[in-house]
Each structure stands twice: as C-alpha cells, then as structure tokens.
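See structure below.
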Amino acid sequence: MAIKATIFKTNLQIADMERHYYQDHALTLARHPSETDERLMVRLLAFALHAHEYLEFGQGMTDDDEADLWLKDLTGAIELWVDVGLPDEKLIRKACGRSNQVIVYTYGGRVADMWYAQNSSQFERQKNLTIINLPQENTKELAKLAQRTMDLQCTIQDGQVWLSDGNNSVQVERTLLKRPEIRK
C-alpha cells in the first residue's frame, strides 16, 4: 500500500513592498512522502516571492511535465515555471521551451554549488532562465517553521525576505546565480 501525501494548511499573509502586492492566501500543500519539510517550505517561500491570483502549485515532484509552481494565462499558456531543488538540466531545458520565464530555487549548500558548476554551461544557453540559490542555514531554519497548520507572514522589502510564524522569524538571503537575458 502506497504512503499518501501529508496535507499542510497555510494562511499566508504577504507584504511585498517591491511589487506592491499585499494579499492573504489560504493554501493547501500536499507534501509527497519523499519530500522534506525543508523542500516544502522552499516551495512555500517561492509562492510568496511570486504570488499572483493565478499562481498555483503543480505536481513537479512526481510529474516531469509539471512545475512545482506555475502561472498560466487565460489561454493555458505557461507564463512562469518555478522549480525547487536540483532539477535535471534536461527538464529545465524542456521547461524553458514551454514557458516564458523559468526560475529555479536551489538549496542544499555544497551539493547545490556542485550541481550548478556541473550544469552552468548548459544553463547559459537558456535565455529565459533564472537560478537563485538559498543558503542552507536559511532553508534549515525555514524547515523548523513547518507545521500541519500554519499562520505565516512574509515580508519582502529592499531585497530582503522574512518569513515568520509569530514566534519565530527567518530572514532568507538570495544569491542570483543566473539571470535571464534582457530582450531588446
């Protein structure tokens, strides 16, 4: 008998001063049996950083044809594809062909650094790809916020990101490893 996903309910208040986005979201996240609290919370952070009324969680962990998060326009075309972790370079290339913009959030310390170094030449060919690394210390602290029911506040201002549950607060640093080419 297969192990079922664990359901997490989250009330997420977002105050993004950079995008002037202020909204509350009631989210239901399914954590795959092989997914860690750390990865779950990085997915939640990615949602907060790109929050939009049409942004939704995909089956990226179990289906190579879906993102961890994606934003589709009203015709079903993929505007934004977000993956978390260390996805295979071939899957990233495929996502870049299907979406206007692809963002990958890596984490894991040295393992993430080695993954990027090994694939950086292939990544440079993708004109619509952004790769952002999150320090392992930050993502480990995010994992400590994971509860089956969460009330979280996310504040984004001046390049800084804070995620808080009212008792504990985590500041998350972001390091841009690859930016998309600017279209002229």
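Numbering (our numbering) for the sequence shown: 1 to 184. Where a beta carbon is used, it is the ideal one built from N, C-alpha and C, also for glycine.
inquiry  = Between residue 6 and residue 31, how many whole angstroms is the CB-CB distance? I'm expecting something under 8 angstroms.
reply    = 5 angstroms
inquiry  = Give me the DSSP bridge partner(s) of residue 30.
reply    = Answer by DSSP bridge pairing, in chain order: 7.
8 angstroms contact criterion, which residue 10 and residue 152 should meet: CB distance rounded = 6 angstroms
ask   = Which residue or residues does DSSP assign as beta-bridge partners of residue 133?
value = Answer is 106 and 175.
task = For the region 141-149 and the region 81-96, state whether three or more C-beta atom pairs, one from each stretch, are separated by less than 8 angstroms.
result = Counting Cβ pairs under 8 angstroms, fewer than three are found: no touch.
message = On the criterion of 16 or more Cβ atoms from any shown chain inside 10 Å, does residue 51 qualify as buried, or is it exposed?
response = buried
query = What are the complete beta strand (DSSP E) segments, minimum 3 residues, inside the region 55-126?
reply = 55-57, 69-72, 78-84 and 99-106
inquiry  = Counting C-beta neighbours from all protein chains within 10 Å, is the total for residue 53 16 or more, i.e. buried, or is it exposed?
reply    = exposed
inquiry  = Across the region 124-133 and the region 94-104, are there enough close Cβ pairs to call them in contact, namely three or more that are closer than 8 angstroms?
reply    = yes
task = Just tell me which of 109, 124 and 175 has its CA closest to the CA of residue 132.
result = Residue 175 is the option with its Cα nearest to residue 132.
request  = Can you grab the Cα-Cα spacing for the pair residue 26 / residue 156, in whole Å?
outcome  = 19 angstroms
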